[in-house]
Amino acid sequence: MQSNLTILAAALAIGLSGAAATSAYAHDGMHMEMMDMSGSADVHHAVQKVVRKTMNYNVPRVELVRDDNRTVLLPDEMNDGRPVIMNFIYTTCTSACPLTSHTFQELQAKLGSERNKVHMISISIDPEQDTPRQLAEYAHKYDAKSQWQFYTGTSEASLAAQRAFGVYYGDKMDHTPVTLLRAAPGKAWLRIDGFASADDLLLEYRKLVSTP
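Here's what the structure looks like:
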């Protein structure tokens, strides 16, 4: 409940106002048509609407640079044996990225000691601006622990990762919130389009890791 209320409050703060009107939530050029705003449950439903799909992706063999300034191969980072929970962000984003990053922050808190068994990955879609230092500062802002790492690199490497996971829209201003979860190397991915809550992600993660 607390995580849902937090996301709702953040969404309201960036442009959702008016309790009895039909509104639009805009994310950098993306518009989500809102329904009747007559009650908090309606707002919650509109903000929380998500679409889940089971997908198979080929992880590209590209080099990325982590927020600790270490150059790594993306497949090595994803195939270290831990379940992966991943999103795509950029540090100067002022709408969807703060929401999804805050959700990841809440998720790591809800995982507690279990968080070290998970690899949370955030890949920048603005690598020309997002240096390892900027990503480290961004990670600090969201109290990212050691299991949550941030990645940048060349434009080509970032684009290859975006295209491989179906999140490339031609311009960073057009990107939409997507979270990707995988239980283990070789397993299918769960793709969640939309603003899933930390509770949603925790439930989906536990379902994935409990499935043979």
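Using mature numbering (1 follows the signal peptide of the UniProt record, and there is no 0), the letters of the sequence shown correspond one by one to residues -26 to -1, 1 to 186.
Ideal placement from N, C-alpha and C gives every residue a C-beta, glycine not left out.
A quick note: this is a predicted structure, and the numbers were derived from the prediction, not measured.
query, result
"Where Phe78 sits in the DSSP three-state scheme", "helix"
"Neighbour-count burial assignment, Ser75, 16 or more Cβ in a 10 Å radius", "buried"
"Residue of Leu109, Val92, Ala134 minimising C-alpha distance to Glu37", "Ala134"
"Span separating the alpha-carbon of Ser71 from that of Pro186", "According to the sequence shown, residue 71 is Cys rather than Ser. Each residue's alpha carbon lies about 33 Å from the other."
"Three-way DSSP call (helix, strand, coil) for Ser87 in this model", "helix"
"Residues bridged to Ile166 [DSSP beta-bridge criterion]", "Arg26, Thr153"
"Validate contact between the region 165 to 174 and the region 96 to 107 using beta carbons, cut 8 Å, 3 pairs", "no"
"Residues of its chain near Asp145, where Cβ-Cβ distance is below 7 Å and the 5 sequence neighbours each way are ignored", "none"
"Inter-residue CB distance, residue 188 and Phe78 (contact presumed, cutoff 8 Å)", "Outside the shown range of the chain (-26 to 186) lies residue 188, about which nothing can therefore be said."
"Pairwise C-alpha distance: Arg165 and Pro159", "15 Å"
"DSSP state of Glu37 mapped onto helix, strand, coil", "strand"
"Distance, Leu154 Cα to Asp54 Cα", "16 Å"
"Helix, strand or coil at Tyr179 according to DSSP, with G and I counted as helix", "helix"
"Option nearest Arg35 by Cα separation, candidates Ala162, Glu51, Ser120", "Glu51"
"Residues of its chain near Ala113, where Cβ-Cβ distance is below 6 Å and the 5 sequence neighbours each way are ignored", "Asp41, Phe124"
"Any beta strand (DSSP E) of 3 or more consecutive residues that is wholly inside the region 43 to 71", "45 to 47, 58 to 63"
"Nearest-angstrom Cα separation, counted from Thr45 out to Met8", "Caution is warranted here: a pLDDT of 31 is assigned to Met8, below 50, making its placement in the model unreliable, and the coordinate value is therefore given only provisionally. Going by the C-alpha atoms only, they are around 42 Å apart."
"Chain-order list of residues whose beta-carbon lies under 7 Å from that of Thr105 (same chain, five-residue window excluded)", "Thr126"
"Rounded straight-line distance, which links the Cα of Pro57 to that of Thr66", "28 Å"
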